[in-house]
Amino acid sequence: KADGEKGGYRFYTTSLNKQLEERFRLEQDLRQGLERNELVVFYQPRVHMGSGRILSLEALVRWNHPEFGLIPPGRFIPVAESTGLILGIGPVVLEKVCEQIHQWQRAGLTTVPVAINLSTQELYKKNLARNIASMVRAADIPPNMLEFEITESTAMRSMGEAITILTQLWEAGFSLSIDDFGTGYASMSYLSNLPVQGLKIDRSFVAQLNRESDSRRPGATIVKAMIGLGHNLDLGVIAEGVEHPAQQTFLLENGCHMGQGFLFSQPLPPSEMEPLLRIGAIW
Ligand code: C2E
Ligand code: CA
Ligand code: CA
Ligand code: CA
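UniProt numbering numbers the first residue of the sequence shown as 475 and each following residue consecutively.
Here it is in structure tokens:
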């Protein structure tokens, strides 16, 4: 009796259970992966778009899963954020980056600063600045070799606190930038109060500068305004997600010289980053 209903119910519970199960499995696997040292850090250059010179790198974590291969951060960072596991991942990434900088220095490569992403949970964790500073000191890396990126929405979560914590990081000698700028609705007065030195225009805006970059298009107007805002606040402006030469041309014509994106390089494992560091430029 009421087979359909029963099936319907079962289907519902199955799919809900399945979701929870998958999430639970991911969390457990990730915890284990962390213990088994399965996280790897890739690096993507930020280039001076006029000359191709490499100015700095962004560290981007991947999970080298024994069964599924390289898993992108979008698939596990959000879960790590909501389970608190991110508080174990952050220090591992920082340690790997410090070790990598040392290795590159030993190999005689010109080293450039490396930017590390900080998630919301990490930023507001007690003693963040002190913990980072002591890890970096223990690793014997000068703080000016490291930069931290926080998204605009992370900075908006608790404004007064964000200012305090960012000030501590800045006083410890680290550079700071606002990531995904334009997606978090920060006011200009708030931005001007943040002790940051850089601003990264979110790639959704750069994507609106299409191939025939008609500078009257609304997307183009917005990007121009963002570049102007950054420069008025005396910030270094980096365009994210530069994929086409026309975007590069538009950005350069409008005073934005720093870019990051597939046009210049994908995020690369250290071994593939090395030849580029040896030259110090992308072309
Ligand atoms: P994000 O900080 O905005 O990083 C930029 C993302 O854009 C990277 O994705 C990068 O591979 C991608 N990207 C770069 N150039 C282009 C381009 O030209 N076109 C397109 N379509 N995409 C481009 P990825 O590596 O998958 O990282 C995704 C997000 O995961 C990052 O976004 C960041 O929020 C987070 N994440 C990565 N590594 C870490 C980490 O170590 N800690 C934390 N807390 N978050 C991380
Ligand atoms: Ca970032
Ligand atoms: Ca970003
Ligand atoms: Ca992002």
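We treat Cβ as the ideally placed atom computed from N, Cα and C, and that holds for glycine.
- Taken in chain order, the complete alpha helix (DSSP H) segments of 4 residues or longer contained in the stretch 618 to 681 are 626 to 631, 633 to 645, 662 to 667, 677 to 680.
- For Val588, the secondary structure class from DSSP, reduced to helix, strand or coil, is strand.
- Residue environment for Trp537: buried (at least 16 other C-beta atoms within 10 angstroms of its C-beta).
- Per DSSP, reduced to three states, the secondary structure at His522 is strand.
- For the pair Pro565 and Ser530, the CB atoms are not nearer than the 9 Å cut-off.
- The continuous alpha helix (DSSP H) containing Trp578 extends over residues 560 to 580.
- Thr641 and Pro669 have their C-alpha atoms roughly 6 Å apart.
- Looking at Leu707, Gln682, Asp708, Glu569, the one whose alpha-carbon comes closest to that of Ile696 is Gln682.
- The Cβ atoms of Leu620 and Ile590 sit closer than 9 Å to each other.
- Boundaries of the alpha helix (DSSP H) harbouring Gly548: 547 to 557, taken from the DSSP string.
- The C-beta distance from Arg520 to Met700 rounds to 17 Å, too long to meet the 8 Å contact threshold.
- Of the residues Gly543, Thr628, Thr584, Glu495, the one whose Cα lies closest to the Cα of Glu555 is Thr628.
- By a beta-carbon distance limit of 8 Å, Gln518 does not contact Glu541. Their separation comes to about 26 Å.
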